[in-house]
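Protein chains: 2
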Amino acid sequence: MITRSRAIDPPKLELEEGAVFTPRFDADGLIVCVTRDVQDGQILMLAYMNTEALRLTLETGYAHYWSRSRKTLWRKGDKSGQSQKIVEIRTDCDQDALLLTVEQSGGGACHTGRRSCFYRKIIAAENPAKLVFTADYTDLVLQEPKPPERRAESDDAEILRGAKPTLAD
Amino acid sequence: MITRSRAIDPPKLELEEGAVFTPRFDADGLIVCVTRDVQDGQILMLAYMNTEALRLTLETGYAHYWSRSRKTLWRKGDKSGQSQKIVEIRTDCDQDALLLTVEQSGGGACHTGRRSCFYRKIIAAENPAKLVFTADYTDLVLQEPKPPERRAESDDAEILRGAKPTLAD
Chain A
-11 MITRSRAIDP
-1 PKLELEEGAV
9 FTPRFDADGL
19 IVCVTRDVQD
29 GQILMLAYMN
39 TEALRLTLET
49 GYAHYWSRSR
59 KTLWRKGDKS
69 GQSQKIVEIR
79 TDCDQDALLL
89 TVEQSGGGAC
99 HTGRRSCFYR
109 KIIAAENPAK
119 LVFTADYTDL
129 VLQEPKPPER
139 RAESDDAEIL
149 RGAKPTLAD
Chain B
-11 MITRSRAIDP
-1 PKLELEEGAV
9 FTPRFDADGL
19 IVCVTRDVQD
29 GQILMLAYMN
39 TEALRLTLET
49 GYAHYWSRSR
59 KTLWRKGDKS
69 GQSQKIVEIR
79 TDCDQDALLL
89 TVEQSGGGAC
99 HTGRRSCFYR
109 KIIAAENPAK
119 LVFTADYTDL
129 VLQEPKPPER
139 RAESDDAEIL
149 RGAKPTLAD
């Protein structure tokens, strides 16, 4: 369903005010996706799609993502039960980001067992900056978070050992 | 306030369940940020920060971002008036994404004059997939969107000519 292929970007006006979906993937072939819950609009997670994940998402109506650490495509919830039925997908002004609205199954989206991946807020006044666990919409869905050894088996757990991010100094 | 510097990532458990903020920047030194409005939680925009933008955001209490196209740091709203006062910042489970909650000034966050950058939804049933302008929370804030020639001067307009994304086929 994403059939356009152009060597150069569409003109800025067409990209911003046009009616044709021309998603702009980055140098790694990925587009960033924010996912929110249709029930109350709260942010569940942030992930990435490649062309194939986007195609499958549009065709099947269920969220598919690309795991940057495992370098594999996965249908969200295939192993965890945390599947996401698509209600709506939006793109932003310059079409390099997506906003998914979903019906979340399995009680939550985070592989730690929480409803949302954004379960800690930053306390900037301390040095180094601290994190505080929140008790609002990111309340634990499960009675107990999955223990770490089980989480490694989750279909959406990022295998951190494989990633080589730069840390702030 | 971001004082930690480590050659390798913290252990997975520490990253996910710890109380120290250790943001993980990507190979380009950036971390992705989703920004929502404190009034109703709606998503306003998606952008990126480098270490300096994050430091300035934490220290000043106003959102600073890194423009990938212009390769400059900018304080959101400096030219447009669309400044964002930080209410809260969260990080996700593996600390490679941020969720900002802000008090949005200037009527909206998008350089097109709309409240949100996510003002179009995807109609996947058509081929090629179409975009439909939405009339809900992304209603125009201004009576008319800024004309394109004025938008180019906006402090948060991505200069698309400079970007070289890959388009889906």
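Residue numbers (the working numbering), protein chains in the order written: chain A, -11 to 157; chain B, -11 to 157. For each residue, glycine too, the CB sits at the ideal point set by N, CA and C. Just so we're clear, the structure is a prediction, and the values are computed from it rather than from any experiment.
Beta strand (DSSP E) segment containing residue i, residue limits
i: A:Lys73; result: Gln72 to Thr79
i: B:Asp25; result: Ile19 to Asp25
i: B:Lys109; result: Arg108 to Ile111
i: B:Glu91; result: Ala85 to Gln92
i: B:Phe121; result: Lys118 to Phe121
i: B:Thr60; result: Thr60 to Arg63
i: A:His99; result: Segment: none, A:His99 is in no beta strand (DSSP E) and carries neither H nor E.
i: A:Ser55; result: His52 to Ser55
Cβ distance (whole Å) where residue i is taken to contact residue j below 8 angstroms
i: A:Val159; j: B:Leu119; result: Nothing can be reported for residue 159 of chain A, as the shown portion of chain A is limited to -11 through 157.
i: A:Phe106; j: A:Ile31; result: 6 angstroms
i: A:Glu4; j: A:Asp66; result: Not confirmed; about 36 angstroms, so no contact.
i: A:Gly29; j: B:Gly29; result: 5 angstroms
Residue environment, residue i, which counts as buried when at least 16 other CB atoms sit within 10 Å
i: A:Leu87; result: buried
i: A:Ala41; result: buried
i: A:Thr60; result: exposed
i: B:Asn158; result: One cannot answer for residue 158 of chain B here, as it falls past the ends of chain B, which runs -11 to 157.
i: B:Val75; result: exposed
i: A:Ala51; result: buried
i: B:Gly158; result: As shown, chain B starts at -11 and ends at 157. That puts residue 158 of chain B outside it, with no answer to give.
i: A:Leu11; result: The sequence given here places Pro at residue 11 of chain A; Leu does not occur at that position. It is buried - the Cβ of A:Pro11 has at least 16 other Cβ atoms within 10 Å.
i: B:Ala97; result: buried
i: B:Leu1; result: exposed
Spatially closest choice to residue i from the options, by CA coordinates
i: A:Tyr53; options: A:Ile31, A:Asp28, A:Thr23 and A:Gly6; result: A:Thr23
i: B:Asp84; options: A:Val75, A:Glu114 and A:Met33; result: A:Met33
i: A:Ala112; options: B:Arg12, B:Gly6, B:Gly49 and B:Val20; result: B:Gly49
i: B:Thr122; options: A:Pro116, A:Ile77 and A:Gly96; result: A:Ile77
i: B:Tyr36; options: B:Glu47, B:Val26, B:Asp28 and B:Ser57; result: B:Ser57
i: A:Leu44; options: A:Pro116, A:Gly101, A:Thr10 and A:Lys64; result: A:Lys64
i: A:Thr79; options: A:Ser71, A:Lys73, A:Thr89 and A:Gln72; result: A:Thr89
i: A:Ser71; options: A:Leu3, A:Pro116, A:Gly94 and A:Ser55; result: A:Gly94
i: A:Gln212; options: A:Val26, A:Asp(-3), A:Gly6 and A:Pro(-2); result: Missing from the structure shown is residue 212 of chain A; chain A here goes from -11 to 157 and no further.
i: A:Lys109; options: B:Asp(-3), B:Phe13, B:Gly6 and B:Lys73; result: B:Gly6
CB contact check: residue i to chain A, cutoff 7 angstroms
i: B:Glu76; result: yes
i: B:Gly29; result: yes
i: B:Ala41; result: no
i: B:Arg2; result: Sequence check: residue 2 of chain B is Glu here, not Arg. No, because no Cβ of chain A sits closer than 7 angstroms to the Cβ of B:Glu2.
Bounding residues of the alpha helix (DSSP H) (the contiguous stretch that carries residue i)
i: B:Glu40; result: Thr39 to Thr48
i: A:Glu5; result: Lys0 to Glu5
Beta carbon proximity, residue i to chain B, threshold 7 angstroms
i: A:Val90; result: no
i: A:Arg108; result: yes
i: A:Asp66; result: no
Near the ligand COA: residue i beta-carbon under 6 angstroms from a heavy atom
i: B:Val20; result: This structure simply doesn't include the ligand COA, nor any ligand for that matter.
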